[in-house]
Amino acid sequence: MMTLPKLEDLSDPDFNPFEIEKLSTGHCPDPYPRIHELMQQGSVVTGSYRDEFTEIKDVQRDGVPQVMVLGYDAVMHVLTHPEIFTNREAFMPSLGQAFGESVSVMDAPDHTRYRKIFQKAFLPQVVSKWGETVVDPVVNSLMDVFIHTGKADLVDQFTHHYPFQVIYAQLELEPEQAPVFHKLAIAQLLSAIGAPQGAEATKKLGVFFGQLLKLRRENPGTDLVSHLATVEADGERLPDIVLISFLRQLMNAGGDTTFRGTSALLLGLLTHTDQLDAVRADRSLIPQAIDEALRWEGPVSSTYRYAICDTEIDGVTIPKGTFINLVLASANRDPRKFANPDSFDIFRERKFRSAAFASGPHLCIGQHLAKVEMTRALNALLDKLPNMRLDPDMPPPQMIGHILRAPEHLWIKFDS
Amino acid sequence: MMQWMCMDCGYAYDPAKGDPMGDIPPGTAWEDLPEDWKCPDCGSPKSEFELIEM
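Protein chains in written order, with our numbering: chain A, 11 to 426; chain B, 4 to 57.
Written as structure tokens, this is what we have:
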């Protein structure tokens, strides 16, 4: 039996990054009225989206001149013009500190080369095989805990765990290391507010993944690290530094977003019982239900780009060197593109793609896996929890957060 | 089933559906897409697509 490297915990093992991360983003149940007000002001508004909702500064961007870009057309313009609006300068002070040389902090030509190799491991025909072998066992084991009780908190007992456990299974990590792994993955992000645990987590995950990569190269198996260590595109493999950075980011980019997206999907359906009944009766509606949930409550409300030359957005002059704070949530709630944008309606006419997975060359690499996970999870819940409904004896669910959104609880009852 | 897929993002072009959101009507064959047509998700050119068994 191969001995896996040991992931070292934070020097203060009692430090709780989950609570700190929650506090750092402030309490914001509904940012959309303010987003609509900002959209009324125009496509370009001076300031940062974060500063609209919390006084806790992003120390990595504090004092940097920036503008918010709002509305569907303006957001899409920036996302699809990477020759003007770049990632490296935009994310080096933040994601670059947390994860290192990940594809999120690259531009063409490096981004184009390395992304193609990563994407090869996450193409639809690859991830669909993981649905049965990886996702279903995780989903079933979590549901086994509450399936005979007639009630559950779907956030606390299900959505907050299953995407992360899918990643552990893909990496074939030892289950007992999972809690520390999850903790350090979240702690990495705290460099944004100046917490020293951020850099500590980044360093310790880097050491761990370096050792794991060496081990998998010497003894390749069926796990994701072995696969990424050997996958090629156009005859090229991934350098270690790029692969380790990707693995650092995987928990946040692949785990945290799917947790939030699945929670939004379930909240949308459970609070719109006619649509829940329709999906329960006709599972071919699941893809459009997922699309609508991610438009309605996309897991990531805002992202960044950097103007590398003087340019214009919707007639507004943007000087070279401006940080562009793209409000993705404004694109997805733009009334010029989506009728009644604040309503959850899986039957809405679809004329425009949502910005939930972004657009352009930095489109989410893991979107196909996320959809497989969400589909498998929803099917399992509908199949195994008869008459699943909100628990009338518990508080109604509420989305929280202004950048990363999810409900804290989703209490349900079902016939057992 | 064989489908044209963008190797940069995994978008699959289905001629039966076309791409109505990109003004490509249903029934448009791959060969009939304009040469300057781009992946509607990631913007990669037609040359980045490969015929894949799904």
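For glycine and all other residues, C-beta sits at the position ideal for the given N, C-alpha and C.
(request) Could you pull the start and end residues of the beta strand (DSSP E) that A/S312 belongs to? (result) S312 to A317
(message) If you measure between the beta carbons of A/A179 and A/A195, is that distance less than 9 Å?
(response) no
(message) Considering only the alpha carbon of each residue, which of A/K130, A/N397 and A/G81 lies closest to A/G284?
(response) Checking the sequence shown, residue 284 of chain A turns out to be Asp, not Gly. Selected option, being the one with the closest Cα: A/N397.
(request) For A/M12, count neighbouring C-beta atoms within 10 Å of its own C-beta (all shown protein chains included) and say buried if the count is 16 or more, exposed if not. (result) exposed
(request) Mind the definition here: the stretch 337-351 of chain A touches the stretch 122-129 of chain A only if three or more C-beta pairs lie below 8 Å; say whether that holds. (result) no
(message) Between B/I55 and chain A, is the shortest Cβ-Cβ distance under 9 Å, so that the two count as touching?
(response) yes
(request) Alpha carbon to alpha carbon, how far is A/W421 from A/D429? Give it in angstroms, no decimals. (result) In the structure displayed, chain A extends from 11 to 426; residue 429 of chain A sits before or after that span and is not available.
(request) Step through the CB atoms of chain B and report whether any lies within less than 9 Å of the CB of A/Q430. (result) As shown, chain A starts at 11 and ends at 426. That puts residue 430 of chain A outside it, with no answer to give.
(message) Tell me the DSSP secondary structure of A/L336 in three-state form.
(response) The answer is strand: DSSP assigns A/L336 an E or B state.
(message) Below 8 Å on the Cβ atoms is my contact criterion, and I expect A/I413 with A/S312 to pass it. Report the Cβ-Cβ distance as a whole number of Å.
(response) Yes, they are in contact, since the Cβ atoms of A/I413 and A/S312 sit about 5 Å apart, within 8 Å.
(message) Does the structure place the stretch 365-383 of chain A close enough to the stretch 86-97 of chain A that three or more beta carbon pairs sit under 8 Å?
(response) yes
(message) Residues of chain B with CB closer than 7 Å to the CB of A/P345, please, in chain order.
(response) Those do not exist, as A/P345 stays about 18 Å from chain B at its closest Cβ, beyond 7 Å.
(request) Answer with yes or no whether the minimum CB distance from B/G13 to chain A is below 9 Å. (result) yes
(message) Just to check my reading of the structure: B/E53 and B/M8 have Cβ atoms closer than 8 Å, yes? What is that Cβ distance to the nearest angstrom?
(response) 6 Å
(request) Check the Cβ of A/P119 against every Cβ in chain B and list those closer than 7 Å, keeping chain order. (result) By Cβ distance, chain B contributes nothing, its closest Cβ being about 13 Å from A/P119, past 7 Å.
(request) Quick one: using the 10 Å Cβ neighbour count with 16 as the cut-off for buried, is A/N441 buried or exposed? (result) One cannot answer for residue 441 of chain A here, as it falls past the ends of chain A, which runs 11 to 426.
(request) Taking 9 Å as the cut-off, decide whether the C-beta atoms of A/Q207 and A/S114 are in contact. (result) In this structure, A/S114 does not lie closer than 9 Å to A/Q207 by Cβ.
(request) Find out if the Cβ-Cβ distance for the pair A/F256, A/F128 is shorter than 9 Å. (result) yes
(request) Put A/F101 into one of helix, strand or coil per three-state DSSP. (result) In this structure, DSSP gives A/F101 a helical state, which the three-state scheme calls helix.
(message) So, under 8 Å CB-CB, B/D11 and B/E51 are touching, yes? Tell me the CB distance rounded to an integer number of Å.
(response) 5 Å
(message) Let me check understanding here. Comparing Cα to Cα, which of A/R227, A/E29, A/H192 and A/N335 lies closest to A/G264?
(response) A/H192
(request) With 9 Å as the limit, tell me which residues of the stretch 364-375 of chain A have their beta carbon closer than that to any beta carbon of chain B; keep them in chain order. (result) F367, S369, G370, P371, H372, L373, C374 and I375
(message) By the DSSP assignment, the beta strand (DSSP E) with B/M8 in it spans what residues?
(response) M5 to C9
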